[in-house]
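Since the structure comes first, as structure tokens, the remarks are kept for the end.
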Amino acid sequence: MADKFRVVIVGSGPAGMSAAGRAAQLKLKHVLLEKTDHLSDTIYKYQKGKHVMATPSQLVLRSDMDFDAGKREAILGTWDKQTEVCGVNVQYNAEPVKIEGEEGNFTITLKNGDTVLAETIVMAIGTQGNPNLMRCPGGDNKLVQYQLDDPGEYYDEHITVIGSGDAGIENALGLAADAAQNNIVTILNRSAEFARAKKANVKLLMEAGEQGKVMIRNETTPAEVKDGELILETRDGQETIPCNRIIARMGSAPPRKFVEECGIEFTSEDREAYPKLTPAFESTKKGIYVIGALAGYPLIKHCMNQGYDVIEFINGNTDLKPADEPILEKKFAGLPGGKSVDEWLEFFREKVTILNDLSPLQMREFMLDSEPIAYRSGETIFERNDPGSSLFTIAQGSVLVEVNPTDSSIVIPIEEGSIFGEVGLISGRRRGATVRAAEDMIAIEVSRTAALKLQASVPAAKRAITRISTERQLLQMFGSGLTKEDIAEAVESSEIVNVRAGETIISEGDDGNDIYVIRVGSMVVEKEIGGKPVFLSYLPAGSYVGEMTLIAGGMRTATVKAAIKSEVIKIQGDAFKKVLDAHPDLLRRAKKDMAARQDINAFVEAKKDSFSGVVDYYSGVANFLVDNGIGEATDVLLIDENLCVGCDNCEKACADSHEGLSRLDREAGRTYAHLHVPTSCRHCEHPHCMSDCPPDAIHRGPDGEVFIDDTCIGCGNCQRYCPYGVIRMDKVPPKKPGILNWLLFGFGPGPGEPDKKWVSDNSDPEVEKPKKAIKCDMCAGINGGPACVRACPTGAAIRVAPEEFLTVAKLEQEEA
Amino acid sequence: MASVPVPGGASKKKVAMHDGFLKHAGYRWLKIASFIMLVCIVSYLFIDVSPRHNGGSWYGYTLGTIGAGLILWLTMLGVRKRAMTPGKWSLKAWTSAHIYLGLSLIVIGTLHTGFQFGWNIHTAAYAFMMFVIISGIFGIYFYATIPQALSNNRDEMTETQMLESLRSLDRQLHEAAQPLSAEHAALVLQSLEQDPFGGGFLKRVSGKYPNCATRAAQADLRRERAYQPRMGGDDPLDKVDALLEKKEATLGRVRRHLKLKALLQVWLFIHVPMTFALIASLSAHIISVFFYW
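Right under this line is the structure:
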């Protein structure tokens, strides 16, 4: 292939396809390389009939291809047709493995050995990567497949699934789900345990194994694939099993390595980092442009717009404003000063220290997720105990922090260019102090997602945030009277330590005088009494621990371990001792705190002698709750099974308060001493569900509730990430007739979630409703509060925060 | 050992939320109901109605009106429970009030009769009311005692899981029984074919199923094998025996579960229809009183 293309587009997803469409319209000599035999593989692999959403809705689509929310098939069909109509030159089964050369003269080597010559390259390969292949002999046998579209299509087969991750387990369970299919399903696991998969999946698999539905072979790897059989390498030697089909789900290699080999630099070593790009999407390798998910834009509309833009840029249209320009314009419209979008971006980048290193493109992305707000002098920005996990940066002016809850005149200033609100960002807990504007000022409120993205892509920003947060946390903990300089040495000596759930940071009887500040997560304090660990207290983020030994000397008096995955700031005891010695006031206060702690210890110990059963019970309940994730909860539904009559009115009330779908499962979940933790959202400090939400639809509301807004695209990520299984994906059922119509005339399905039959009888078959993620929102906005609690006829359902759960346990104990 | 930041506003919305429907708000409705009953009894004793206390005196009308109003309000619990309207109401408070005010009807209603009973619509209304109240007392008793047993019995399993495990045991039994002789297989088959929860209401609430085919099959199998020499190795009968035992244990759990759930509801099958009968007879009672005035 001697022809040189003006532009070669790698990857035919929304971004690449849109770029190719633009190139075709501009009559640029181009080729679209696609590694499979169809366009847009990621969306092609969505399950059949999946509803694809078009978010963010305020963003205008600028592309030669059409795209609107709808069924996967319809969207793919439109694209296939329009690609043809536009005259896009597509080359299928063309996977680039090497890119060499310079701008104007690139050589792309394909997997089949062919080469393609290009002046410029647009990389739109997404982040899916390629599945890891079977490397054993016969790995290229036609029995092997790397994907399972529809588990229902195979009958009477011996099927072996390889891989111990969620994908493998879900495939194995899917294949074995219907006994009528008569498949004999085996799953191979290289190690002895399924450590990488979600607990819920592992549990289901184990059950299926016990029921004989799935054969589970641990510590087994495939040795050779032959026609109709598979040779296994087991711990006890080789074994041959019949096999008609192999589903290999052994993870995938992220495309980063390939991208880096092309000479493109990433912003950091961090796994979440993206390639460094100019505003025109050009990477550090001149002539190679990166767009789409790989550039950090996972949403289809963004991708398609970028495809259009990048070709315009390559074609020399440098005046083209990005499609998100109107959004930013609107954002900046309320600010005083009347600058243009570019001027504002530059202004913010210059003024705010942690934004200094951002590229204009990153700045744009950053501001899309953030909100610039102008405050008048004296205006309150947030109040103590407001929930909030966003970070604020000061672009202009300064703020005052009210450090004393009782006296608002005692304030600490924070200067221009700095940040505040970082405690909420890191710990996920309520705001620790009220902050107000010291003068007319402009702040940028950075959402948690944007802040995390920023830290991942700019290491300097991460370091700055960490240092400031450590310093502030110490200052806040020990109150006024201390200055930054006083604690400089302690801050310098400190380090951030990650602690696994259950890991011990302080052991009873050990030496050591370091102090630990809990930055993220929570800890439990235990003491060994009569050979048994007794639960003493629960420490939420923001607490410190370990000062007793430092002040009083001697050995550690109790064991402290992480209730959940946590982060602590470890401060050298000696450095901290110096601070204490220099400030007698502080020492006095610390001693007072300590005395209160010692009282509790003494109380528990005293009680242990007289009512050992009661203390055991208290300890047991507390440990049970911590084991069930209450340690990271902020508000959780508990059911006292001494009172629960099983009427399920809580579920019915939940469904009736929320468009007909219940967000809790009362009966499921663990129970200890009649205290039941149903399957219902715990509103975690750091919600797992938020970790990868493409449209950023999950937020924390004003009362601390974690909720999903209308922009949900139904991808199911949150459901997979939630370790407690509280999120369901479902369609909203049609509206029911009113309650009196049911009571008096029998119309409608009655209270609670309508059954499937009623839903299908009463739905409009023409309208395909999308499945959306449904979870508890603590009945935010409903006068009266959580419906589950209000609707409980016996008082069995209660909602508690972890700080309070021990009081519940105590109440229980008094009743017992 | 440590310092915990004081969660300032976090606790403001949750005060003393953990008490049951009987103890709600420090027995508030028990106190109110007791006061009402006391006032009724004292006033009954001290107010002189001539010739004697009866439903038709001004005092009797007053009690009757209060009673009828109460009955209608108590009936509204059924609507309250099902109408999830917003607002600061608590169904627990309603239940608590329902119970204690309902019990106070015994005094109000009885004093309203002036202890004049006969074979007429008036006494019929009274009788229905007492039926409703007595069935309600059973309800209180069941609500107060059964939940613990229900919780202990299900042992973290949901009803769906219990039934699923039964189905799974049945599947395993079906497979394990393949190598058995015809008469042994017949035993297993009778366990597989029987609906283990059929047999009507009495079996359901008693939890006793004397004709349980699973138990019979297992007993037969045991009896037969008691004198047979053990063959060792993989005797399929051993497996079937173990599975039958497992199934019987699971059946026991499900039957107890269904029994307890039935008991929590069975009183309502008297309480609710009787309430409608009460309202009907009450209407007749009131109309007839005014008609023959």
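For the protein sequence lines, the chains are L and U, in the order given.
Note that the numbering used here has the first sequence beginning at 9, numbered continuously upward.
Note that the numbering used here has the second sequence beginning at 2, numbered continuously upward.
Note that CB positions come from ideal geometry on N, CA and C, so glycine has one too.
So, using beta-carbon positions, are L/Phe-428 and L/Val-409 closer together than 8 Å?
Walking along the first sequence from the start, residue 428 of chain L turns up at place 420. Walking along the first sequence from the start, residue 409 of chain L turns up at place 401. Yes; because the gap between Cβ atoms is below 8 Å, this pair is in contact.
Please confirm whether L/Ala-184 and L/Ala-216 have their CB atoms less than 8 Å apart.
The residue you call residue 184 of chain L lines up with position 176 of the first sequence. The residue you call residue 216 of chain L lines up with position 208 of the first sequence. Going by C-beta atoms, L/Ala-184 is nearer than 8 Å to L/Ala-216.
Simplified DSSP assignment, three categories, for U/Met-275:
In the second sequence, residue 275 of chain U corresponds to position 274, counting from 1. For U/Met-275, the three-state secondary structure derived from DSSP is helix.
Check for me: the alpha helix (DSSP H) holding L/Arg-690 runs from which residue to which?
For the purposes of this step, residue 690 of chain L is taken as residue 682 along the first sequence, with counting starting at 1. Bounds of any alpha helix (DSSP H) do not take in L/Arg-690, whose DSSP letter is neither H nor E.
Looking at C-beta atoms only, is the number of pairs between the segment 302-317 of chain L and the segment 349-360 of chain L that lie closer than 8 Å three or more?
No: the two stretches stay apart, fewer than three of their Cβ pairs being nearer than 8 Å.
For the beta strand (DSSP E) that L/Glu-232 lies in, which residues bound it at each end?
As a first step, residue 232 of chain L is located in the first sequence; it is residue number 224 there, counting from the start. Here the beta strand (DSSP E) through L/Glu-232 covers 229-234.
Kindly indicate the opening and closing residues of the beta strand (DSSP E) around L/Phe-390.
Numbered from 1 along the first sequence, position 382 holds the residue referred to as residue 390 of chain L. For L/Phe-390, the enclosing beta strand (DSSP E) begins and ends at 388-390.
Identify whether U/Arg-223 lies in helix, strand or coil by the three-state DSSP scheme.
What you label residue 223 of chain U is simply residue 222 of the second sequence in a count that begins at 1. Assignment of U/Arg-223 by DSSP, reduced to helix, strand and coil, places it in the helix class.
Just to confirm the assignment, what range does the beta strand (DSSP E) spanning U/Leu-73 have?
What you label residue 73 of chain U is simply residue 72 of the second sequence in a count that begins at 1. In the DSSP assignment, U/Leu-73 falls outside any beta strand (DSSP E) and within the unbroken alpha helix (DSSP H) covering 59-76.
For a cutoff of 8 Å on Cβ pairs, would you count U/Phe-22 as touching chain L?
In the second sequence, the residue the question calls residue 22 of chain U occupies position 21. Closer than 8 Å: yes.
Measure from the C-beta of L/Ala-184 to each C-beta in chain U and report whether the shortest distance is under 8 Å.
By 1-based counting over the first sequence, the position of residue 184 of chain L is 176. Not one chain U Cβ lies under 8 Å of L/Ala-184.
L/Lys-599 versus L/Met-556 - alpha carbon distance
For this step, residue 599 of chain L is matched to residue 591 along the first sequence. For this step, residue 556 of chain L is matched to residue 548 along the first sequence. Cα to Cα, the separation comes out at about 8 Å.
Could you give the DSSP three-state label for L/Pro-283: helix, strand or coil?
Within the first sequence, residue 283 of chain L is the residue found at index 275, counting from 1. Looking at L/Pro-283 - three-state DSSP - the assignment turns out to be strand.
Under a Cβ-count criterion, where at least 16 other Cβ atoms within 10 Å of its own Cβ denotes burial, should U/Pro-211 be classed as buried or exposed?
If you number the second sequence from 1, residue 211 of chain U lands on position 210. It counts as exposed.
How many whole angstroms separate the CB atoms of L/Phe-202 and L/Val-193, which I take to be in contact at a CB cut-off of 8 Å?
For the purposes of this step, residue 202 of chain L is identified with residue 194 of the first sequence, where counting begins at 1. For the purposes of this step, residue 193 of chain L is identified with residue 185 of the first sequence, where counting begins at 1. That belief does not hold up - the Cβ atoms of L/Phe-202 and L/Val-193 are roughly 15 Å apart, past 8 Å.
Give a yes or no on whether 8 Å exceeds the smallest Cβ distance from U/Gly-103 to chain L.
Locating residue 103 of chain U in the second sequence gives position 102, where the first residue counts as 1. U/Gly-103 does not count as touching chain L.
When burial is assigned at 16 or more other CB atoms within 10 Å of the CB, is L/Met-563 buried or exposed?
For the purposes of this step, residue 563 of chain L is taken as residue 555 along the first sequence, with counting starting at 1. By the 16-neighbour rule on beta-carbons within 10 angstroms, L/Met-563 is exposed.
Beta-carbon of L/Gly-833 versus every beta-carbon of chain U: anything under 8 Å?
No information on residue 833 of chain L is available, as it lies outside the stretch 9 to 824 that chain L covers here.
Going by other Cβ atoms of all chains shown within 10 Å of its Cβ, with 16 needed for buried, is U/Val-40 buried or exposed?
One-based indexing of the second sequence puts residue 40 of chain U at position 39. Label assigned to U/Val-40: exposed.
Taking a Cβ distance cut-off of 9 Å, strictly less, list which residues of the segment 92-106 of chain L are near chain U, in chain order.
For the segment 92-106 of chain L, which is checked against every Cβ of chain U, not one residue is closer than 9 Å.
What are the boundary residues of the alpha helix (DSSP H) that L/Arg-272 is part of?
Start at 1 with the first residue of the first sequence, and residue 272 of chain L comes out as number 264. Note that residue 272 of chain L corresponds to Ile in the displayed sequence, not to Arg. Boundaries cannot be given for L/Ile-272, as no alpha helix (DSSP H) includes it and DSSP labels it neither H nor E.
Against U/Tyr-144, what residues of chain L qualify as contacts under a CB-to-CB distance less than 7 Å, listed in chain order?
Translated into the one-based positions of the second sequence, residue 144 of chain U becomes position 143. In chain order: Val-653 and Thr-802.
So, does the CB of U/Val-80 fall closer than 8 Å to a CB anywhere in chain L?
Taking the first residue of the second sequence as position 1, residue 80 of chain U is located at position 79. So, interface residue.
Output yes if chain U places a C-beta closer than 8 Å to the C-beta of L/Asn-179; else output no.
The sequence position of residue 179 of chain L within the first sequence is 171, counting from 1. So no, L/Asn-179 is outside the interface.
Look up U/Phe-36 in the DSSP assignment and say whether it is helix, strand or coil.
Looking up residue 36 of chain U in the second sequence gives position 35. In the structure shown, U/Phe-36 sits in a helix (DSSP, three-state: H, G or I).
Express the C-alpha separation of L/Met-485 and L/Ala-496 in angstroms, rounding to a whole number.
The residue given as residue 496 of chain L occupies position 488 in the first sequence. The residue given as residue 485 of chain L occupies position 477 in the first sequence. If I take the Cα positions, the gap works out to 15 Å.
What are the start and end residues of the alpha helix (DSSP H) that includes L/Arg-671?
Along the first sequence, read from residue 1 onward, the residue named residue 671 of chain L stands at position 663. Looking at the DSSP string, L/Arg-671 is not in any alpha helix (DSSP H), and its letter there is neither H nor E.
Is the Cβ of L/Ser-416 closer than 8 Å to any Cβ of chain U?
The residue you call residue 416 of chain L lines up with position 408 of the first sequence. No, L/Ser-416 lies away from the interface with chain U (no Cβ there is under 8 Å from its Cβ).
Could you tell me which chain U residues have their CB closer than 7 Å to the CB of L/Arg-798, listed as they occur along the chain?
Your numbering for residue 798 of chain L matches position 790 in the first sequence. Against chain U, a Cβ distance below 7 Å from L/Arg-798 picks out Trp-90, Ser-91 and Leu-92.
Got a sec: is the Cβ-Cβ distance from L/Val-649 to anything in chain U below 8 Å?
Looking up residue 649 of chain L in the first sequence gives position 641. Looking at the sequence shown, residue 649 of chain L is not Val but Glu. True, the Cβ-Cβ gap to chain U drops below 8 Å.
Kindly indicate which residue of L/Ala-382, L/His-591, L/Ala-403 and L/Leu-460 has the alpha-carbon position closest to the one of L/Asp-494.
Mapped onto the first sequence, residue 494 of chain L falls at position 486. That would be L/His-591, whose Cα lies nearest to the Cα of L/Asp-494.
Kindly indicate if chain L contains any beta-carbon less than 8 Å away from that of U/Pro-237.
As a first step, residue 237 of chain U is located in the second sequence; it is residue number 236 there, counting from the start. Not one chain L Cβ lies under 8 Å of U/Pro-237.
Would you say U/Ala-256 faces chain L, with C-beta separation under 8 Å as the test?
Residue 256 of chain U sits at position 255 when you count from the first residue of the second sequence. The residue you asked about is not Ala; residue 256 of chain U is Arg in the sequence shown. With 8 Å as the cut-off, U/Arg-256 does not count as an interface residue toward chain L.
At a CB distance below 9 Å, what residues from the segment 239-273 of chain U approach chain L? Give them in sequence order.
Cβ contacts with chain L: Leu-261, Lys-262, Leu-265 and Gln-266.
Counting only Cβ pairs nearer than 7 Å, list the residues of chain U close to L/Arg-678.
Locating residue 678 of chain L in the first sequence gives position 670, where the first residue counts as 1. Those are Glu-157, listed as they occur along chain U.
Which residues of the segment 655-666 of chain L have a Cβ closer than 9 Å to any Cβ of chain B? Give them in chain order.
In summary, chain B is missing from the structure at hand, where the protein chains are L and U.
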